[in-house]
Structures are given as structure tokens and as C-alpha cells.
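For reference, the structure is listed below as C-alpha cells.
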Amino acid sequence: MARWLGRFTAALSTVSAFLLFAVGAMLTYEVVARYFFNAPTIWAEELSRLFMIWAVFVGSAGLLSGWHHIRVTVVVERLPLPVQRFFECFALWFVAVIAAFVAWNGFPIAAGSFDVGRTTGSMLDIPSWWMQAAVPVGFGLIALQAFVVGLRVLWDHDRPVPGSAAHAD
Amino acid sequence: METLLILLSLFALLLAGVPVAFALGGLGVLLLAFAGFSDLMAPAGFLSAMDNFVLVAVPLFLLMANVMLKGGVGRDLFAAVQAFVGHWPGGLAVATIISCGVFAAISGSSVATAATIGTVAIPEMTKRGYPRAFTFGVLAAGGTLGILIPPSLIMIIYGVITEESVLALFMAGVGPGLLMIGLFVVFSIFYARRVPSLEAVPRASWGERGRTGLRALPTVALAAVVITGIYQGWYTPTEAAAIGFAGALFVTGVVLRTLTWRDLYDATVESMRTTVVILLIVAGAKVFGKAIALYRIPQDVSSFISANIETAGLFILVVALVLLLMGLFMEALSMLLIMVPVLAGSLVVLGIDPIWFGVFFVIMVECALITPPVGLNLYVIQAVSGGTLLEISRGVLPFLALMLLTVLLISLFPQIALYLPFHV
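Those sequence lines, one after another, are chains A and B.
With the first letter of the first sequence counted as 1, position 68 gets the number 111 in this note's numbering; the numbers rise by one all the way through.
With the first letter of the second sequence counted as 1, position 101 gets the number 160 in this note's numbering; the numbers rise by one all the way through.
Laid out in C-alpha cells, this is it:
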């Protein structure tokens, strides 16, 4: 079960990568269409936001097991191993609880829009829940994955190796 | 009191090793819940933070830089710059700094800049007898130019949270960026004159210069197209990033023919990782920012500041000291996302230009990248070179002093930053 979830979230991260690649393609097309053919699209801007929202929220869960998310380890890594394990479990379950809360409350927002058929009111006018659903789906997966990885830290004593965190700076 | 308690809980969560995105977002969620605000605010906050076209530039600039990196343009770039300035005293150090500056115009990240140029330059410099500590210092500090010279991921995010123009921020980074390159270059030349062990590089022939220059030309041209286009208003920064990405594919895939399908896949996955990690922190910070605003913390801070700090100069000095201290143990993005929402209110009161403050903040954040024990660029150079953290930190010291000198200079002469965005 845990392994299946890990593979599933890792696969979703790969899908996220392709979504972001597609954003690059769409916006390049947009600039070319506008400048050279004087025919700007009505979809490129909005779809790229939609793709990015899904990529960020759904890509997150898969990055938990490798500890790719940036965190401050300067204190924790100096503690004895059992204490380290305690803090890692704490960190993961804190993530799980928060993510579950966000997912739980994000669901009615998307469901409400779906029920009344609310749209974004933009040029493309897509249904609002297309964007809103990314929050409950993404954070639901994060909650599950964080809970499971936390369990593994506690039971199997296999401390997730601190991964090479990605960075902005 | 409340302010202190909230900041202490945030630091406790961070030091306990909770991922930054969830420490910020989680504390925001808890604060909103305790104050009895609607539970829907948290998910709505996360979503609205990401529903932002300006932020779409983040994944695209990352894709551009990663494709260029995998396509091996670092080597070509360094070879070309070296052919022109390598025979100067300290020529390899000068070439390294200039290469970092040029790559910074392709990449919006300091880490990518330090890694790309470091892999090529460190072996060359050590081979020619440059002291190890100095070599590492040049690279760690040169890499930080990545976020000062446009494009810059940190500036995009600063622009989004303060609602300032990313274009103006980008342009404001050019002057201080060139100034810093100049200071680094002058220091390296003086330093090299005092180290007799340095082996001079023979002057390259014009044939050599032409050959290497031609190979680096597409890279430089791409950087020029992206930045000129933003400046001239041909396209928005986000679209510029898309053009840059397409251009990077063209340059490495068609012109230089160095990019394999495997490289492209790796570059895409790498960009996704960094994007997700960065933007989730931005989303968490948005929820945190909303929560502290409802607790009136920015207002409390700014009334505290206006009651106790009379001049803008003193304010900047205090903020600089706080950032220098925070930078010892925190990474750049978190510092930005925690401090800017708290301080933004005070800027208006003291009459500080928010664009200028953005540039100031970026340079302070650059210092954080090279101050131990936590400094991402130090780790990158450590990974690339195998040097010790102590050695690298020692080498970084003179450059840190030069960066603080840059801060002093832009404080005395704000036009260094503000001339380009507002007068040209």
C-alpha cells in the first residue's frame, strides 16, 4: 500500500513536469501568434495558470518521501538519532494534519462551484472547479503521503535520507 | 507580545525541521482557526496565491536555465570569456566572475549560476595555482549574482508579494549587479598581484578568441533577446521566460547540438522539483501573511518602528543587521517571505522606495547565501569542489565585505539602482 502510494505520487510529479513544459510551449505559441500573425489566443494565459496550479499542488506529494521540500536541518541533524527520528515524524505528521485540514475545507469550495455551475468569468470562461479541485486533490495526496512516510520513519526505522533539496536562491 | 509569540512559534517549527512551506502555511492555518475566521480561508488562500500569471515565469525561467545548463553552455561561456581576459593578472578569477555575470542573465537562481560556472572554473583555477580558499570564494560570491542580475526568481517573488512591477525590479538590479561585478574584478586583480604562485595564462590568439566567442555567441544572444524584450515591452516577463525556454531548446538542441533527449527530460524534472518546492512555500507564505495581517502584526511592527526609529537610514541599518543574523541559519526565500510582509508597511512611513528596497533585500539575501553555517552557495561549492566548509567560508569573507560595500553604496547613491527603471 505504502509503496503503491509512493509510486503513484512519484508518477504524478512526472505529470507535473510535463504540465510545466506544456506551459512553456503554450506561451511561446502565444507570443509568436500575437507578433507574427496578429492573432493572440484567448486560452494561453488562463490555461497556463490552470496547468501551473495543478502542477504545484499535485506535484508536491511525490517530493515528500525524498525530503525535497526545503527545511532547516541545522539543529535537528546535530541531535542523537532517536531524537532525530522523533522530529522527523513530528514534522511529517504536522504536514499531514495541516494538509488534511486544507483538503477537507477545500473540497466544499470546488463541490459548491460544481453544483451551481460557476465559471471563471474570464475570456475562456472555464468552470471554476477545474482550478479549485487542485487544492483538495493535491493536499489530500500530501496528507496521505506525509502520514505514510511518517509511519515508515517510526516503524521501519528507515530514516528518509535527507534529499538534495531544490532551491530558489 | 502576540507578535513575539507568533514569530517564536514560527522559528520553533522551522528549527524542528518542518518543511518551510508547511511551517508558514500551517502556522497561518492555525492562527486563522484560533481567531475564529472561516475555515475556507486557508484553501482559498493557497489557491489564490498560485492563480497568478506573474508566477508562471518561475517554472519557465527554471526550464530555460536548466536546459542551458544540461546543454553545457557553462563550458563554452567560460572558454570564451577566458580567451579575452585570461591573460590579465588574476585573469581566471576575472573570467570566472564575468562568466557568472553572463550566466546570471540566463538564470534567475544563484545556486544554478554557482554550480554551472563552478564545475568548469574551479579545476582551471586550482590547476593554475590559485589558492583554494580564494577560488571557492570567487565562485560562491560570483554565483550570488544570479539573483541580482535579471532574470531573478527572488525578484519575481518580491514583486508578487509587494505588488510592485517585476520589470522595474529587474531593471533596478542591473546597475548594482554591474557595480558588484566591477568590485569583485578589481579586488581579484589586486589580490592576484600579491600572490606570486599564480601561473599566468598566455594571451589567446584572435583566432582562438573568434572560435570560442562564436560558440558562446548564441548563449549571449539569447540572454540579450530575453532581457531586451522585457525592457522594450515586447512581452511580459512571463512570456519572456517562455521565449527564453524555447530559445534555450533551439540554442542547445539545434545550434550547438549538445542537448540529448535524456538531458531534456532531466532538465524538465529538475525544473518541476524546484518549481513545486518554491511555489508551495510562496503559497504557504500567502496564508501566513493573510493571518498575520488579520492579527494586525505588520501594523504593530510599523508603529513600533515609527515610534522608535526616526530615519530611513537607521531603519535600513537595523534591517540589514537583522537579515545578516537571520541569514546565518536561514535560506533566502524564507527570509524574503517572512520579513517582507512584516516590513512592507514601514516603507511607506519612512519614505523608502519599494523597488530600491527590493534590490537592497536581494543583496542582503545574497549575503545569506554565503554565510555559514547555512548558506546554499557554500554547499554547492562544497559539492562541486570537495573543499571544506571552513575553507570556503574563509574565502568568501572578502567578497562578503564587498557585497556589504555595495549595499552601502546603493544606500548613499540610490540612483545606482533606480536610474535605469525610472529615468531611461
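Beta carbons: idealized from backbone N, C-alpha and C, even for Gly.
Would you list the one or two residues that DSSP bridges to residue i?
i: PRO170(A); result: THR162(A)
Alpha carbon to alpha carbon, how far is residue j from residue i? Give it in angstroms, no decimals.
i: ALA173(B); j: THR84(A); result: 38 Å
i: ILE440(B); j: ALA199(B); result: 6 Å
i: PHE472(B); j: VAL159(A); result: 57 Å
i: GLY202(B); j: ASP168(A); result: 43 Å
i: PHE133(A); j: PHE190(A); result: 10 Å
i: LEU384(B); j: GLY404(B); result: 22 Å
i: ARG252(B); j: VAL284(B); result: 37 Å
i: LEU107(A); j: GLN188(A); result: 7 Å
i: MET184(B); j: SER103(A); result: 40 Å
i: LEU463(B); j: PRO457(B); result: 10 Å
i: PRO182(B); j: ARG262(B); result: 19 Å
i: SER207(A); j: TRP110(A); result: Because SER207(A) sits at a pLDDT of 39, beneath the cut-off of 50, its placement in the model cannot be relied upon, and the point is left open.
i: PRO78(B); j: LEU184(A); result: 16 Å
i: VAL117(B); j: PHE182(A); result: 21 Å
i: MET230(B); j: LEU237(B); result: 12 Å
i: GLY193(A); j: SER365(B); result: 46 Å
i: ILE248(B); j: HIS146(B); result: 11 Å
i: ALA82(B); j: ASN148(A); result: 19 Å
i: PHE304(B); j: VAL254(B); result: 42 Å
i: VAL421(B); j: VAL310(B); result: 30 Å
i: ILE469(B); j: VAL407(B); result: 19 Å
i: ILE411(B); j: LEU382(B); result: 17 Å
i: LEU64(B); j: ILE176(B); result: 43 Å
i: PRO400(B); j: VAL197(B); result: 33 Å
i: MET95(A); j: LEU89(B); result: 26 Å
i: LEU151(B); j: VAL328(B); result: 33 Å
i: VAL144(B); j: TYR189(B); result: 16 Å
Quick one: grab the DSSP three-state call for residue i.
i: LEU48(A); result: helix
i: ARG453(B); result: helix
i: VAL132(B); result: helix
i: TRP136(A); result: helix
i: TRP265(B); result: helix
i: MET389(B); result: coil
i: ILE216(B); result: helix
i: TYR55(B); result: Any answer about residue 55(B) is impossible in this case: the structure gives chain B only from 60 up to 483.
i: TYR78(A); result: helix
i: THR317(B); result: coil
i: PRO102(B); result: helix
i: GLY149(B); result: coil
i: THR271(B); result: helix
i: TRP147(A); result: helix
i: HIS482(B); result: helix
i: LEU222(B); result: The identity of residue 222(B) in the sequence shown is Glu, whereas the question assumes Leu. Residue state, collapsed to three classes: coil.
i: PRO83(A); result: coil
i: GLY410(B); result: coil
Start and end of the alpha helix (DSSP H) containing residue i?
i: GLU61(B); result: 61 to 74
i: TRP198(A); result: 177 to 198
i: ALA259(B); result: Neither: ALA259(B) is in no alpha helix (DSSP H) and is coded neither H nor E.
i: ASN111(B); result: Note, ASN111(B): premise wrong, no alpha helix (DSSP H); not H, not E.
i: ARG252(B); result: 225 to 252
i: ILE176(B); result: 169 to 186
i: THR430(B); result: Run containing THR430(B): none; DSSP gives neither H nor E here.
i: ARG114(A); result: Looking at the DSSP string, ARG114(A) is not in any alpha helix (DSSP H), and its letter there is neither H nor E.
i: PRO296(B); result: 296 to 309
i: VAL101(A); result: 87 to 103
i: VAL79(B); result: 79 to 93
Is any heavy atom in the ligand COA found nearer than 6 Å to the beta carbon of residue i?
i: VAL279(B); result: Summarising the ligand content, the structure contains no ligands, and the ligand COA is consequently not present.
Members of the stretch 317 to 344 of chain B that neighbour chain A once the beta carbon cut-off is set at 8 Å
THR327, VAL328, GLU329, SER330, MET331, ARG332, THR333, THR334, VAL335, VAL336, ILE337, LEU338, LEU339, ILE340 and ALA342
Give me the subset of the stretch 425 to 436 of chain B whose CB atoms are less than 7 Å from a CB atom of chain A, sorted by chain position.
LEU428, PRO432, VAL433 and LEU435
Any residues in the stretch 285 to 298 of chain B with a beta carbon nearer than 8 Å to a beta carbon of chain A? Which ones, in chain order?
TRP293, TYR294, THR297 and GLU298
Residues, ordered as in the chain, of the stretch 78 to 96 of chain A that lie near chain B by beta-carbon distance below 8 Å
TYR78, GLU88, SER91, ARG92, MET95 and ILE96
Which residues, in chain order, does the stretch 99 to 118 of chain A contribute to contact with chain B at a C-beta distance below 7 Å?
VAL99, GLY102, SER103, LEU106, HIS111, HIS112, ILE113, ARG114, VAL115, THR116, VAL117 and VAL118
Mind checking the stretch 70 to 92 of chain B against chain A and listing, in chain order, the residues whose C-beta falls within less than 7 Å of any C-beta there?
LEU73, LEU74, ALA75, GLY76, VAL77, PRO78, VAL79, ALA80, PHE81, GLY84, GLY85 and VAL88
Check distances from the C-beta atoms of the stretch 151 to 162 of chain B to those of chain A and list, in chain order, the residues that come in under 8 Å.
none
Please list the residues of the stretch 177 to 195 of chain A that have a C-beta atom closer than 8 Å to any C-beta atom in chain B, keeping them in chain order.
ALA177, VAL178, PRO179 and PHE182
Select from the stretch 304 to 317 of chain B all residues with a C-beta closer than 8 Å to any C-beta belonging to chain A, and list them in chain order.
PHE304 and ALA305
Residues, ordered as in the chain, of the stretch 128 to 145 of chain A that lie near chain B by beta-carbon distance below 7 Å:
PHE130, GLU131, PHE133, ALA134, PHE137, VAL138, ILE141, PHE144 and VAL145
Between the stretch 446 to 464 of chain B and chain A, which residues of the former have CB atoms less than 9 Å from a CB of the latter, in chain order?
none
What are the residues in the stretch 55 to 66 of chain A lying within 8 Å of chain B by C-beta distance?
SER56, THR57, SER59, ALA60, PHE61, LEU63, PHE64 and VAL66
At a Cβ cut of 7 Å, what residues of the stretch 118 to 142 of chain B count as close to chain A, listed as they run along the chain?
PRO118, LEU119 and LEU122
Within 8 Å of chain A by C-beta, residues of the stretch 381 to 399 of chain B in sequence order:
PHE388, MET389, GLU390, ALA391, LEU392 and SER393
Compile a chain-ordered list of the residues in the stretch 95 to 112 of chain B whose CB is closer than 8 Å to at least one CB of chain A.
ASP98, LEU99, ALA101, PRO102, ALA103, PHE105, LEU106, MET109, ASP110, ASN111 and PHE112
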